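Chains as they are written, first to last, in numbering that gives the first Met the number 0: chain W, 0 to 731; chain L, 0 to 237.
Note that CB positions come from ideal geometry on N, CA and C, so glycine has one too.
Note that this is a predicted model, so its numbers are computed, not measured.
Only one structure is covered here, and it is reproduced in the block below.
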Amino acid sequence: MILGVRLSVAIAAALGTLAVVIIAVLTWKGAPVTSQTFLVTTYIGLFLGALWAMYATGLVVVYTTTGVFNFAQGAIGVFAAFLYWELHVNRGWHSILALFVVVGLFAPALGVVLDIVIMRRLRTASLVVQLMVTVAIMVLLLSVVGDIWEADTPRRVPYLFGINNGIDLGPSQLPWHRLIVFVVAIAIAVSMRLLLRRTRIGTAMRAVVDNRELAALNGARPNVVSSTSWALGSMMGALGGILIAPELGLDPATLNNVVIIAFAAAAFGALRNLPMAVVGAMLIGLLRAHTGAWLDFGSDFRFAHLSIAPLLLLFVVIALPQARLEVGRLAHHLRRHERYTKWWEGLIGCGVVILLAAAFSGGWLDFGVWDPGSWGSRELNSANEAMALALIGLSLVPLIGWAGQINFAPLAFAGFGAFVYLKLAGDTGNGYWILVVGLLCAPLGALVALPAARLRGLYLALMTMAFAQAMSLIFFPHPWVMPIIGTGRQFPHIELFGVTFDDRRGFFLLMVSIFAIFVYALVLLRRSRYGRRWMAINDSQAAAATLGVPVVWTKVVVYAVSASMAGIAGVFWATVSGNVDSVQGFDLLIGFNVVLLVAAAGVSIPMAGIFLIFIPLFKGFGLRLEDAGNVDYLVTLLDIMTTYGPGLMVLGMVFNPRGAIFEMGRGFSPILPWRGDARAEIAAENAQKREPEIGELGLERPFTPEEVIAIDRRLEILDEVVPKEGYGTARS
Amino acid sequence: MSAAPATPLLELVGIRAGYGTIDVLHGVDLRVMPGTVYALLGPNGAGKTTTLGVTSGQIQPHAGSVLLDGHEVNGVSPDRLARAGVCLIPEGRGIFPNLTVAENLRMSTYAGVSYKQVQERAFAQFPRLQERRNQLAGTLSGGEQQMLAMSRALSTDPAILMLDELSMGLAPIIVEELYEQVASLAEAGLSILIVEQFAQAVLGVANEAAIMLHGRIQRTGPPEEIAEELTAAYLGMS
């Protein structure tokens, strides 16, 4: 860590110098840089930096004191900002009162509830589960915000004390709001630093993440300590959200994306060093303000100045030394039996998938009363979107589920696939190029795999996230990459085997077929040598390496496979979206949703991927029912299931890390006539449950009726004694 | 409870405990009298650490009772017991590796002794810790880490001290040094329960010793006698 801090100091110094040089050169070239505009831009930069520092402080405090990196930090801010708007603007409460209620009461309560209900149970969970759960909380919070405060009303959070009151700075005014933000952010960072280093509760907060049991043996109350951490972290997220909302506007996605900048800032401090995180935030703020003011990247790179944070995050994460990240994080592997899916089982499964999809979309299933009928364009649109996302999701099964390589950039791979296809096939829509897309996306995956080869867990997650964000800010918006944006032209319809798939149902069934092929390929891959190697490096890289598994090559292959699947899926995703808006169409948030979907399906079991097909089916089915009328409760239920289902299922992993699908599969498989093994396993488990321990053979206390039965069984006495009521209790 | 002068400071009565559904302790009875040193010896997997887990509140027994100074403390959380003066130094360096030496000492203040006093006492006993007070504890040598762990026992005036495998993985000379500290604590009248796999180091300080095997205390007696039997126990001839 000491090395890491030194390195980030070096990076900070280098980038700071770079910024100064750029500005100096620009001034020299006669660009409109005056000392006054310089001053104003600097104060805006510092102010932005202060806001991000607040988020970063919350992240670092929670990470150093609980070991959980909270992806939901931004979403907590979003929720708090909306709640503040509701109380202050909509209900007319005084701003101070609203601020107190949200930051002082609601936020800490949310933090404590999160800790008690979820985080406490995550301590022994694997890193993948931990990350997925915080991502699920993020997505759920954003969905709740979207449901409560519908997007159609324009909302604004006012500045504290108004925008026009403040200190006169000559060329412009420094509003009280911004001054307060700056002071508060610095005060929070300083007091958190003092709390963590100079007080006993702060020491205990850090001690608990080191060794919870030992902290208790010292006399600290571990549960109280970690609840305090979560309450504090949540308060900082809430305050950040409320204070940044007047600047960015009340848009959930925009506000949530702030968290990436906070991640970059936190990465500066190796995720643990608070002062460095604040320095990082300030630096990003300054860079962003100055580049935004003076560097013109041209309209081709119109989002480039926004990409400073993701690029910095990418750079810092790759450059940081990786030691000591997973201290004490021994994943609990609960897979007791894993059975390969047989090739013919895979075939049957795929056939069932295609039939189901055809039946649902064609309205072949007659539910009597409801009579859903065949899907119209509305249902098919919705189902097609979900289907394309499910296809992208399948690409994550080998990567995340088997090789344990967390990847938040599936949409970046998908977007690259769409780009390659557009370049190759042009307007013809020739579907055979899709195969080439698959081949050309593999090298991109391999490229990402190279830095990933030395990253693990959390850093890998951050790196892929930064990569996804950089792609959607720099690469996709470029007119050469996706020339159809803004021109009103449609992504061409795919043409295969002489058929143009311009009809939605046909396209849906085409995607379902591709889905089935993917699933089947996964079934075969899992049985292959690479399938085993991926599982091996997931369990233990060191052990795999000592057995002769080439770890780097194995990772490169899994990334290549995943990228090429995602690339092919991306073609379909772009086609579904039609006139695809590259920035939103391949946005990180969609990527999070896809990752979550896959996690909910139980990433590690190939056949569980089939579950992904149900989301599009439910979507279409639900809409169809809505059109048919008078089954409102069912529509609402399906709506809730598709909106909140994946998030809730991932939260369920807290209680059952194997995922709900695994349990469903366990319940389902004994029904299959050829699965004698599953029936035997369940029978064995039940027998074990029924058999009580025999204990001390009645020497210390009389036998209980169960023990009598157990002894009879143990001694193989066939006609078991049926105990009378009260038997054996006379002497007790 | 009883008015007799010889109330044991720590007493286990018929303790059955374990992990999940598997019992490790099958009825353990044990008494540590005030001001004595009790050595619990036995091979790997005998249940020694589990016994300490029960007495420190980390593991709830399925049956039996834990009595501290005559009061039943079943179900009391480990942190409450720690604040009440039950001091367990766990096996394998009971320190926080990512905290500095000084911060580790600050964690010892929950039992009621002030930070300043804890530091004074710890540094008086182990001057080497003072030199390294701002160093991360994880970067200390094995012996220094064990000293840091022991300093909690030395500086917090515990009612009862429990040591789990104090000598594990340490050079003999350091073990000797640590046991000198234990001996002086015993002389000062502290009640101590020591768990060890190997008897030599303990013998000098213990008043009473016991052999534990398969989750039961097989025999108790004077340390010298027990040491002899221990060899037999390890060879499976008990």
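{"Check": "If you draw a straight line from the C-alpha of residue 456 of chain W to the C-alpha of residue 72 of chain W, how long is it?", "Outcome": "19 Å"}
{"Check": "For a contact meaning CB atoms closer than 7 Å, what does residue 218 of chain W contact in chain L?", "Outcome": "78, 81, 82, 109, 110"}
{"Check": "Using DSSP bridges, identify the partner residues of residue 70 of chain L.", "Outcome": "L:67"}
{"Check": "Residue 218 of chain L CB to nearest chain W CB: under 9 Å?", "Outcome": "no"}
{"Check": "The beta strand (DSSP E) that contains residue 426 of chain W, what's its start and end?", "Outcome": "Per DSSP, residue 426 of chain W belongs to no beta strand (DSSP E) and is neither H nor E."}
{"Check": "By the 10 Å Cβ neighbour count, where 16 or more other Cβ atoms means buried, how is residue 533 of chain W classified, buried or exposed?", "Outcome": "buried"}
{"Check": "Keeping to the same chain, check which residues put their C-beta closer than 8 Å to that of residue 215 of chain W; ignore five residues upstream and five downstream.", "Outcome": "221"}
{"Check": "Which residues mark the beginning and the end of the alpha helix (DSSP H) in which residue 513 of chain W is found?", "Outcome": "503-526"}
{"Check": "At least one CB of chain L closer than 9 Å to the CB of residue 735 of chain W: is that the case?", "Outcome": "Nothing in the structure corresponds to residue 735 of chain W, since chain W is present only between 0 and 731."}
{"Check": "Please report whether the beta-carbon of residue 95 of chain L lies at a distance below 9 Å from any beta-carbon of chain W.", "Outcome": "yes"}
{"Check": "Along the region 532-549 of chain W, where does the CB come closer than 8 Å to a CB of chain L? Name the residues.", "Outcome": "none"}
{"Check": "Which partner residues does residue 304 of chain L have in the DSSP bridge list?", "Outcome": "Since the first residue of chain L shown is 0 and the last is 237, residue 304 of chain L is not available in this structure."}
{"Check": "So, does the CB of residue 89 of chain L fall closer than 9 Å to a CB anywhere in chain W?", "Outcome": "yes"}
{"Check": "In the structure shown, what three-state DSSP assignment does residue 219 of chain L receive?", "Outcome": "strand"}
{"Check": "Check the Cβ-Cβ distances between residue 105 of chain L and every residue of chain W, and say whether any is below 9 Å.", "Outcome": "yes"}
{"Check": "With 9 Å as the limit, tell me which residues of the region 382-399 of chain W have their beta carbon closer than that to any beta carbon of chain L; keep them in chain order.", "Outcome": "none"}
{"Check": "Taking the beta carbon of residue 149 of chain W as the centre, do at least 16 other beta carbons fall within 10 Å, making it buried, or is it exposed?", "Outcome": "exposed"}
{"Check": "For the alpha helix (DSSP H) containing residue 232 of chain W, name the first residue and the last one.", "Outcome": "221-247"}
{"Check": "Pair every Cβ in the region 69-78 of chain L with every Cβ in the region 195-206 of chain W, then say whether three or more of these pairs are closer than 8 Å.", "Outcome": "no"}
{"Check": "So which of L:134, L:7, L:27 has the shortest CA-CA distance to residue 48 of chain L?", "Outcome": "L:27"}
{"Check": "Under a three-way DSSP split, which group does residue 104 of chain W fall into?", "Outcome": "helix"}
{"Check": "Tell me the start and end of each unbroken alpha helix (DSSP H) in the region 548-581 of chain W that is at least 4 residues and wholly inside, in chain order.", "Outcome": "550-576"}
{"Check": "For residue 733 of chain W and residue 281 of chain W, what's the separation of their Cα atoms in angstroms?", "Outcome": "Residue coverage of chain W in this structure runs from 0 to 731, which leaves residue 733 of chain W outside it and unanswerable."}
{"Check": "Is the distance from the Cβ of residue 443 of chain W to the Cβ of residue 266 of chain W below 9 Å?", "Outcome": "no"}
{"Check": "Buried or exposed: residue 229 of chain W, going by 16 or more other Cβ atoms within 10 Å of its Cβ?", "Outcome": "buried"}
{"Check": "Report yes or no: is there a C-beta of chain B within less than 9 Å of the C-beta of residue 30 of chain L?", "Outcome": "No chain B is part of this structure, whose protein chains are labelled W and L."}
{"Check": "How do the region 21-39 of chain L and the region 78-95 of chain L stand: do at least 3 beta-carbon pairs fall below 8 Å, yes or no?", "Outcome": "no"}
{"Check": "Residue 213 of chain W versus chain L: which residues are under 8 Å apart at the beta carbon?", "Outcome": "89, 93, 94, 95"}
{"Check": "Which first and last residues belong to the alpha helix (DSSP H) in which residue 386 of chain W is found?", "Outcome": "376-393"}
{"Check": "Can you give the Cα-Cα distance for residue 15 of chain L and residue 121 of chain L, rounded to whole angstroms?", "Outcome": "37 Å"}
{"Check": "Using the three-state DSSP reduction, which class does residue 109 of chain L fall into: helix, strand or coil?", "Outcome": "helix"}
{"Check": "What are the uninterrupted segments assigned as alpha helix (DSSP H) that are 4 or more residues long and contained completely in the region 154-214 of chain W, given in chain order?", "Outcome": "175-197, 199-209"}
{"Check": "Shorter than 9 Å from the beta carbon of residue 118 of chain L to some beta carbon of chain W?", "Outcome": "no"}
{"Check": "Could you tell me if the beta carbon of residue 77 of chain L falls within a distance shorter than 8 Å of some heavy atom in the ligand ATP?", "Outcome": "Because no ligand of any kind appears in the structure shown, any question about the ligand ATP cannot be addressed here."}
{"Check": "Do residue 514 of chain W and residue 390 of chain W have their C-beta atoms within less than 9 Å of each other?", "Outcome": "yes"}
{"Check": "Could you tell me which residues DSSP puts in a beta bridge with residue 208 of chain L?", "Outcome": "L:38, L:220"}
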